[in-house]
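Written out below as structure tokens is the structure these notes cover.
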């Protein structure tokens, strides 16, 4: 997207020639995460209608708007011949494209074709005087020169550059302390340990058929790993006559014992449509944000902002319930909203008020029950907690997919609005702990759990795997240690423990630019730039991400912006905006990319003008 935003600013009358060289070991457009060379079982967790890489009429950007098709619109145009140059030479991909609907969850492989087309289209319409090249390879380091920079590649090539942009995407890292200790303990005991990594890159072949495997984590990485270990090994899903999904094992699956802090998987994606009044910010309003910013000192996320978000979620749910389904409540929205103004921040009072006017327990909502669905429950044995989690999955699927349960859609739109509201708060106004822990970990994890979970059919499949005995649920607050030559997993809420010779930590590597497995990022963090370190009277820590200014300029070791070094992506310390975006949503990711592209374009123009001045 960055190259497209750069080229959008180049008019055909632009005189200085421009050469853009993209260096990447993976194909341009798709890159590492979305490359075609991965399992066809791995999917996006967004519907085809909710994915675009183009700006549109809603984009509040300084650069030109150049609209284009969303993923589903692109597929439709490929199907009817309006886009003739999509490169699909795989029968399975062609079949998927032909069957794709707006509410389909496409495979990463089909997304790679869309991104490849976007890249080739962007390059093809580059104006005269612009040369865009792709060079496969990995950047090892960047050196300063008299003329600018020299970029060293792993094949020995040295590329001269006036401006260097680090757009490195998602990266792995050297093992963190706990992971390193587990690697060492597993090696000494002869155990199998799969550390945090990107699922498509994980070597799951080390997990033998029939073996007991403890899996920590129940988010997207865990769901992907389970798919590869079950259906990826030949198992099959089918419908029973009553419509129940069943799993037919191949016999090659390991036995998977799943646990996490919550003890339940991420909430599934929502498929219902809103029926009630449109969402509106009632609590975390622009005026409230302005009031927060007007106060002296820093802003604490957990103390000052999270309570506002929690109240906003309550309003989002009940607005949809009362205005969309008045027959399921005993008072009008006009009456209940006055009650909400009094009790929305008091969970106990809220529950009492709701019980009086909302008869169906499934229509009731509060944030603690959403966040920790198992609450403080304890369980008599492993079978009981397994049944409880299995029941939770079934209930969650109903609430997130049944047409008459569209409060889940309202909740999604409300949390998305809250996410965007946080972008109005400059990063330097947050407290140290908020920047290092509460925003990138606590808030991001909660947001992902509620709004960025797996497609609903993946949770239905998880339930079928549980019914088939391939998956067992361990419960909440899982702890794992090595004892007597085995991995041992236990929950303080469940008697007993599970022992296994294999452990999978199913989550992505944490941020750690200075410890990255990408040599260019590692050098950037330790030589040209720095990780963001934050400190105040109550907290000191590192974000593990690269420090940049608002326009993406890398800050040097002493905090001065580099004139011609830029960085953009999830490894930088700005507000994380996601990989792709929903069409017509004035997406933060597109606004950020356009702003950085504008700064790069200004720098290129300055360099060109300086060279012309020297040559006169």
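Numbering (the UniProt record's numbering), first residue to last: 1 to 616.
Cβ atoms here follow ideal geometry from the backbone N, Cα and C, with glycine treated the same way.
The structure displayed is predicted, hence computed values, not measured ones.
Whole angstroms is fine: what's the gap from residue i's alpha carbon to residue j's?
i, j, result
"residue 66", "residue 1", "11 Å"
"residue 151", "residue 144", "9 Å"
"residue 602", "residue 148", "16 Å"
"residue 514", "residue 363", "47 Å"
"residue 243", "residue 394", "14 Å"
"residue 62", "residue 80", "34 Å"
"residue 30", "residue 115", "5 Å"
"residue 55", "residue 5", "9 Å"
"residue 135", "residue 519", "17 Å"
"residue 409", "residue 317", "9 Å"
"residue 238", "residue 396", "21 Å"
"residue 457", "residue 570", "28 Å"
"residue 121", "residue 331", "55 Å"
"residue 84", "residue 78", "6 Å"
"residue 403", "residue 580", "26 Å"
"residue 127", "residue 57", "23 Å"
"residue 381", "residue 256", "18 Å"
"residue 423", "residue 384", "43 Å"
"residue 447", "residue 418", "10 Å"
"residue 297", "residue 429", "7 Å"
"residue 528", "residue 294", "35 Å"
"residue 539", "residue 440", "15 Å"
"residue 535", "residue 434", "11 Å"
"residue 517", "residue 177", "16 Å"
"residue 38", "residue 27", "13 Å"
What residue range is occupied by the uninterrupted beta strand (DSSP E) comprising residue i?
i, result
"residue 409", "Premise fails: residue 409 lies in the alpha helix (DSSP H), 407-422, not in any beta strand (DSSP E)."
"residue 136", "130-136"
"residue 149", "149-153"
"residue 257", "255-259"
"residue 143", "139-144"
"residue 524", "It is not in any beta strand (DSSP E) - residue 524 carries neither H nor E in the DSSP assignment."
"residue 500", "494-500"
"residue 212", "212-216"
"residue 72", "No beta strand (DSSP E) contains residue 72, which is instead part of the alpha helix (DSSP H) from 71-79."
"residue 18", "18-24"
"residue 192", "192-194"
What is the DSSP secondary structure of residue i, counted as helix, strand or coil?
i, result
"residue 507", "coil"
"residue 566", "strand"
"residue 546", "strand"
"residue 608", "helix"
"residue 489", "strand"
"residue 179", "helix"
"residue 232", "helix"
"residue 470", "coil"
"residue 2", "helix"
Counting along the chain, where does the alpha helix (DSSP H) carrying residue i start and finish?
i, result
"residue 463", "456-467"
"residue 528", "It is not in any alpha helix (DSSP H) - residue 528 carries neither H nor E in the DSSP assignment."
"residue 111", "108-124"
"residue 448", "444-451"
"residue 581", "That residue, residue 581, is in no alpha helix (DSSP H); it is neither H nor E in DSSP."
"residue 163", "First-last for residue 163: undefined, no H or E at that position."
"residue 479", "Not the alpha helix (DSSP H): residue 479 falls in the beta strand (DSSP E), residues 479-483."
"residue 553", "Residue 553 -> not in any alpha helix (DSSP H); beta strand (DSSP E) instead, spanning 553-555."
"residue 49", "No alpha helix (DSSP H) holds residue 49; DSSP gives it neither H nor E."
"residue 398", "382-401"
"residue 99", "91-99"
For the putative contact between residue i and residue j, defined by C-beta atoms under 8 Å, what is the C-beta separation to the nearest angstrom?
i, j, result
"residue 476", "residue 493", "6 Å"
"residue 200", "residue 194", "That pair is no contact at about 13 Å."
"residue 471", "residue 214", "The Cβ separation is near 12 Å, so there is no contact."
"residue 277", "residue 323", "4 Å"
"residue 263", "residue 374", "5 Å"
"residue 507", "residue 219", "6 Å"
"residue 459", "residue 265", "6 Å"
"residue 505", "residue 216", "5 Å"
"residue 552", "residue 596", "4 Å"
"residue 582", "residue 50", "5 Å"
"residue 206", "residue 192", "5 Å"
"residue 546", "residue 563", "Wrong, their Cβ atoms sit about 17 Å apart, outside the cutoff."
"residue 532", "residue 543", "4 Å"
At a cut-off of 7 Å, would you count residue i as near the ligand NAD, judging by its Cβ distance to the nearest heavy atom?
i, result
"residue 307", "Ligands displayed in this structure: none; no statement on the ligand NAD is therefore possible."
For residue i, decide whether its Cβ has a neighbour in chain D, counting only Cβ atoms nearer than 8 Å.
i, result
"residue 42", "Although the question refers to chain D, the structure presented lacks it and comprises just one protein chain."
Give, in chain order, every unbroken run of the alpha helix (DSSP H) that is at least 4 residues long and sits entirely within the segment 293-374.
Secondary structure in the segment 293-374: the alpha helix (DSSP H) runs of 4 residues or longer, each lying completely within the stretch, are 306-324, 333-343, 347-357, 367-371 in chain order.
Ranges of the beta strand (DSSP E) found wholly within the segment 234-285, counting only runs of at least 3
Fully enclosed beta strand (DSSP E) runs of no fewer than 3 residues occupy 236-239, 245-248, 255-259 of the segment 234-285, in order along the chain.
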